[in-house]
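Below is one structure, written out as C-alpha coordinates; the observations come after it.
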Amino acid sequence: MKNLWNTIKYQWVDYQLQKEVKKRYYTDTTFSHIDRSLLTAYIFKNPYAISKHYLKSKHASEIHTYGETPLMTYDLLARAVGLQSTDTFLELGSGRGRGIFFLSHFYHVHAIGIERIPQFVKLSKHLAQKYNQEEVEFLCADMLKADLPFATVIYLYGTSLADGEIAPLIHKLKNYPQGTKIISISYPLTDYDEK
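Counted from 1, the sequence shown has number 1028 at position 124 by our numbering; the numbering is strictly sequential.
In C-alpha coordinates, the structure reads:
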(Lines of atoms letter the chains of each structure in order from A and count residues from 1; the text may use other names and numbers.)
(Lines give C-alpha, C1' and ligand atoms only; values in the text may rest on other atoms or scores of the structure.)
Protein backbone atom coordinates (compact mmCIF):
# COMPACT_ATOMS: atom_id res chain seq x y z
CA MET A 1 0.00 0.00 0.00
CA LYS A 2 2.88 2.36 0.79
CA ASN A 3 4.35 1.88 -2.71
CA LEU A 4 0.99 2.66 -4.29
CA TRP A 5 0.70 5.84 -2.21
CA ASN A 6 4.24 6.89 -3.17
CA THR A 7 3.46 6.29 -6.85
CA ILE A 8 0.32 8.41 -6.63
CA LYS A 9 2.21 11.19 -4.83
CA TYR A 10 4.98 11.12 -7.45
CA GLN A 11 2.50 11.24 -10.31
CA TRP A 12 0.66 14.16 -8.70
CA VAL A 13 3.88 16.15 -8.28
CA ASP A 14 4.91 15.30 -11.85
CA TYR A 15 1.49 16.41 -13.12
CA GLN A 16 1.80 19.73 -11.28
CA LEU A 17 5.32 20.30 -12.65
CA GLN A 18 4.18 19.55 -16.19
CA LYS A 19 1.27 21.98 -15.84
CA GLU A 20 3.76 24.69 -14.89
CA VAL A 21 6.05 23.74 -17.80
CA LYS A 22 3.15 24.08 -20.24
CA LYS A 23 2.20 27.46 -18.80
CA ARG A 24 5.75 28.86 -18.87
CA TYR A 25 7.34 27.32 -21.95
CA TYR A 26 4.76 25.82 -24.31
CA THR A 27 3.78 29.22 -25.68
CA ASP A 28 6.90 28.72 -27.80
CA THR A 29 5.55 26.33 -30.43
CA THR A 30 8.92 24.96 -31.52
CA PHE A 31 9.90 24.00 -27.99
CA SER A 32 6.40 22.70 -27.33
CA HIS A 33 6.70 20.33 -30.31
CA ILE A 34 10.15 19.11 -29.28
CA ASP A 35 9.22 18.56 -25.64
CA ARG A 36 5.88 16.90 -26.38
CA SER A 37 7.60 14.58 -28.86
CA LEU A 38 10.17 13.67 -26.24
CA LEU A 39 7.56 13.02 -23.55
CA THR A 40 5.28 11.11 -25.92
CA ALA A 41 8.13 8.82 -26.95
CA TYR A 42 8.39 7.64 -23.36
CA ILE A 43 4.69 7.26 -22.63
CA PHE A 44 4.94 3.47 -22.67
CA LYS A 45 8.68 3.31 -21.94
CA ASN A 46 9.28 4.62 -18.45
CA PRO A 47 12.76 6.21 -18.35
CA TYR A 48 13.30 4.94 -14.80
CA ALA A 49 12.60 1.38 -15.98
CA ILE A 50 14.85 1.84 -19.03
CA SER A 51 17.68 3.01 -16.80
CA LYS A 52 17.14 0.16 -14.34
CA HIS A 53 17.14 -2.42 -17.15
CA TYR A 54 20.33 -0.96 -18.65
CA LEU A 55 22.13 -0.89 -15.29
CA LYS A 56 21.07 -4.48 -14.55
CA SER A 57 22.49 -5.55 -17.92
CA LYS A 58 25.81 -3.94 -16.91
CA HIS A 59 25.71 -5.68 -13.50
CA ALA A 60 25.76 -2.33 -11.72
CA SER A 61 25.72 -2.51 -7.94
CA GLU A 62 23.19 0.34 -7.76
CA ILE A 63 20.35 0.19 -10.27
CA HIS A 64 18.08 2.95 -8.91
CA THR A 65 20.11 5.99 -9.93
CA TYR A 66 17.98 7.67 -12.58
CA GLY A 67 16.57 11.09 -11.87
CA GLU A 68 15.55 14.13 -13.86
CA THR A 69 16.09 17.81 -13.26
CA PRO A 70 12.86 19.82 -13.73
CA LEU A 71 12.91 22.37 -16.55
CA MET A 72 12.24 25.21 -14.10
CA THR A 73 15.47 24.23 -12.34
CA TYR A 74 17.41 24.45 -15.62
CA ASP A 75 15.93 27.91 -16.06
CA LEU A 76 17.08 28.92 -12.55
CA LEU A 77 20.54 27.46 -13.18
CA ALA A 78 20.90 29.34 -16.45
CA ARG A 79 19.93 32.62 -14.83
CA ALA A 80 22.13 32.04 -11.78
CA VAL A 81 25.28 31.50 -13.86
CA GLY A 82 24.39 34.14 -16.45
CA LEU A 83 24.24 31.63 -19.31
CA GLN A 84 24.85 33.41 -22.63
CA SER A 85 24.68 32.45 -26.27
CA THR A 86 28.49 32.35 -26.36
CA ASP A 87 28.56 29.56 -23.75
CA THR A 88 28.88 25.85 -24.35
CA PHE A 89 26.82 23.94 -21.80
CA LEU A 90 27.76 20.36 -20.90
CA GLU A 91 25.50 18.09 -18.89
CA LEU A 92 27.11 15.02 -17.36
CA GLY A 93 24.35 12.42 -17.33
CA SER A 94 21.78 14.07 -19.58
CA GLY A 95 19.16 11.30 -19.43
CA ARG A 96 16.47 11.84 -22.03
CA GLY A 97 18.05 15.16 -23.03
CA ARG A 98 15.15 17.36 -22.04
CA GLY A 99 17.38 19.95 -20.34
CA ILE A 100 19.74 20.06 -23.31
CA PHE A 101 16.88 20.86 -25.69
CA PHE A 102 15.51 23.44 -23.25
CA LEU A 103 18.77 25.34 -22.71
CA SER A 104 19.71 25.30 -26.37
CA HIS A 105 16.31 26.59 -27.37
CA PHE A 106 15.69 29.27 -24.74
CA TYR A 107 19.26 30.37 -24.02
CA HIS A 108 20.66 29.85 -27.55
CA VAL A 109 23.73 27.98 -26.31
CA HIS A 110 25.56 25.06 -27.81
CA ALA A 111 24.38 22.32 -25.43
CA ILE A 112 26.03 18.90 -25.12
CA GLY A 113 24.64 15.96 -23.20
CA ILE A 114 26.75 12.98 -22.17
CA GLU A 115 24.66 9.94 -21.33
CA ARG A 116 25.63 6.29 -20.99
CA ILE A 117 22.22 4.76 -21.78
CA PRO A 118 22.12 4.23 -25.57
CA GLN A 119 18.32 4.24 -25.83
CA PHE A 120 18.14 7.78 -24.42
CA VAL A 121 20.91 9.06 -26.69
CA LYS A 122 19.43 7.44 -29.80
CA LEU A 123 16.04 9.09 -29.33
CA SER A 124 17.55 12.47 -28.38
CA LYS A 125 19.69 12.44 -31.53
CA HIS A 126 16.65 11.50 -33.60
CA LEU A 127 14.61 14.41 -32.23
CA ALA A 128 17.51 16.83 -32.67
CA GLN A 129 17.67 15.86 -36.34
CA LYS A 130 13.89 15.85 -36.81
CA TYR A 131 13.55 19.38 -35.41
CA ASN A 132 16.79 20.73 -36.94
CA GLN A 133 18.35 21.45 -33.56
CA GLU A 134 21.89 22.11 -34.75
CA GLU A 135 23.14 23.49 -31.43
CA VAL A 136 22.46 20.30 -29.47
CA GLU A 137 24.78 17.35 -29.33
CA PHE A 138 24.37 14.01 -27.58
CA LEU A 139 27.26 11.69 -26.84
CA CYS A 140 26.75 8.11 -25.71
CA ALA A 141 29.54 7.64 -23.20
CA ASP A 142 30.33 7.05 -19.56
CA MET A 143 31.29 10.44 -18.14
CA LEU A 144 33.82 8.77 -15.86
CA LYS A 145 35.68 7.15 -18.78
CA ALA A 146 35.13 9.50 -21.72
CA ASP A 147 37.23 12.44 -22.78
CA LEU A 148 34.99 15.34 -21.87
CA PRO A 149 34.38 17.95 -24.59
CA PHE A 150 35.06 21.67 -24.26
CA ALA A 151 32.51 23.57 -22.20
CA THR A 152 32.22 26.88 -20.40
CA VAL A 153 29.42 25.66 -18.11
CA ILE A 154 29.22 22.09 -16.76
CA TYR A 155 26.24 20.64 -14.91
CA LEU A 156 26.15 17.49 -12.81
CA TYR A 157 23.22 16.12 -10.84
CA GLY A 158 25.51 13.97 -8.78
CA THR A 159 23.29 12.13 -6.32
CA SER A 160 23.69 8.90 -8.26
CA LEU A 161 27.49 8.87 -8.05
CA ALA A 162 29.29 6.79 -5.46
CA ASP A 163 31.97 8.50 -3.38
CA GLY A 164 34.65 6.54 -5.24
CA GLU A 165 33.43 7.95 -8.57
CA ILE A 166 33.39 11.59 -7.53
CA ALA A 167 37.15 12.01 -6.92
CA PRO A 168 38.17 10.81 -10.44
CA LEU A 169 35.49 13.04 -11.94
CA ILE A 170 36.79 16.05 -10.00
CA HIS A 171 40.26 15.27 -11.32
CA LYS A 172 38.88 15.41 -14.90
CA LEU A 173 37.04 18.64 -14.21
CA LYS A 174 40.25 20.27 -13.01
CA ASN A 175 41.53 20.05 -16.60
CA TYR A 176 39.06 22.72 -17.66
CA PRO A 177 40.35 26.29 -17.83
CA GLN A 178 39.94 28.57 -14.86
CA GLY A 179 36.65 30.40 -15.18
CA THR A 180 34.70 27.33 -16.28
CA LYS A 181 31.49 27.26 -14.28
CA ILE A 182 30.75 23.90 -12.67
CA ILE A 183 27.33 23.36 -11.13
CA SER A 184 26.50 20.38 -8.96
CA ILE A 185 23.22 19.57 -7.31
CA SER A 186 22.93 17.86 -3.92
CA TYR A 187 26.41 18.53 -2.52
CA PRO A 188 29.42 20.73 -3.22
CA LEU A 189 32.21 18.99 -5.11
CA THR A 190 34.67 20.78 -2.84
CA ASP A 191 33.63 18.33 -0.11
CA TYR A 192 35.46 15.65 -2.10
CA ASP A 193 38.52 17.62 -3.09
CA GLU A 194 41.58 18.28 -0.99
CA LYS A 195 42.32 21.57 -2.84
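Just so you know, even glycine gets a beta-carbon here, dropped at the ideal spot from N, CA and C.
Original post:
With C-beta atoms as the reference, is L980 less than 8 Å away from I1018?
Top reply: Taking the sequence shown and counting its residues from 1, the one referred to as residue 980 is at position 76. Taking the sequence shown and counting its residues from 1, the one referred to as residue 1018 is at position 114. Their beta carbons are not under 8 Å apart, which means L980 does not touch I1018 by this criterion.
**OP:** May I ask you to report which of helix, strand or coil DSSP gives A1071?
**Re:** If you number the sequence shown from 1, residue 1071 lands on position 167. Here A1071 sits in helix by DSSP.
Original post:
Within the chosen definition, does the stretch 1064-1080 reach the stretch 1019-1032 through at least 3 CB pairs nearer than 8 Å?
Top reply: no
**OP:** Identify every run of the beta strand (DSSP E) within the stretch 922-1006, keeping only runs that are complete inside it and at least 3 residues long; order them along the chain.
**Re:** 992-996
Subject >> For P1065, three-class secondary structure by DSSP >> reply: Translated into positions along the sequence shown, residue 1065 becomes position 161. The sequence as given places Leu at residue 1065; Pro does not occur at that position. The answer is coil: DSSP assigns L1065 none of H, G, I, E or B.
Subject >> Sufficient close CB pairs (3 or more, under 8 Å) joining the stretch 933-951 to the stretch 1009-1026 >> reply: yes
Original post:
alpha helix (DSSP H) containing F1024: first to last residue?
Top reply: For this step, residue 1024 is matched to residue 120 along the sequence shown. Start and end: 1022-1034.
Original post:
How big is the Cα-Cα spacing for T973 and E995?
Top reply: Residue mapping note: residue 973 aligns to position 69 of the sequence shown, counting from 1. Residue mapping note: residue 995 aligns to position 91 of the sequence shown, counting from 1. The straight-line gap from Cα to Cα measures roughly 11 Å.
**OP:** Would you grab the beta carbon distance between V1040 and I1004 for me? Rounded to a whole angstrom, and I think it's under 8 Å.
**Re:** Within the sequence shown, the letter at position 136 stands for residue 1040. Within the sequence shown, the letter at position 100 stands for residue 1004. Rounded, the Cβ-Cβ distance is 5 Å, consistent with contact.
Original post:
When the Cα of Y1091 is compared with those of G1062, D991, A1045, H1014, which residue comes out closest?
Top reply: The residue labelled residue 1091 in the question sits at position 187 within the sequence shown. Comparing Cα-Cα distances from Y1091 to each of G1062, D991, A1045, H1014, the minimum goes to G1062.
Subject >> Endpoints, the beta strand (DSSP E) within which V1040 is located >> reply: Your numbering for residue 1040 matches position 136 in the sequence shown. Looking at the DSSP string, the run of the beta strand (DSSP E) that includes V1040 is 1040-1044.
**OP:** Can you tell me which of K1034, L975, Q1023 puts its alpha carbon nearest to the alpha carbon of P951?
**Re:** The count along the sequence shown starts at 1 and reaches residue 951 at position 47. Ranking the options by Cα distance to P951, first place goes to Q1023.
Original post:
My guess is that T977 and T1056 are in contact by the Cβ rule of under 8 Å, so how many angstroms apart are they, rounded?
Top reply: Walking along the sequence shown from the start, residue 977 turns up at place 73. Walking along the sequence shown from the start, residue 1056 turns up at place 152. 19 Å between Cβ atoms; not a contact.
Original post:
Does DSSP put V1057 in a helix, a strand or coil?
Top reply: Taking the sequence shown and counting its residues from 1, the one referred to as residue 1057 is at position 153. Reduced to three states, the DSSP call for V1057 is strand.
Original post:
Residue range of the beta strand (DSSP E) that A1015 falls in?
Top reply: As a first step, residue 1015 must be located in the sequence shown, where it is residue number 111. Run containing A1015: 1014-1019, per the beta strand (DSSP E) assignment.
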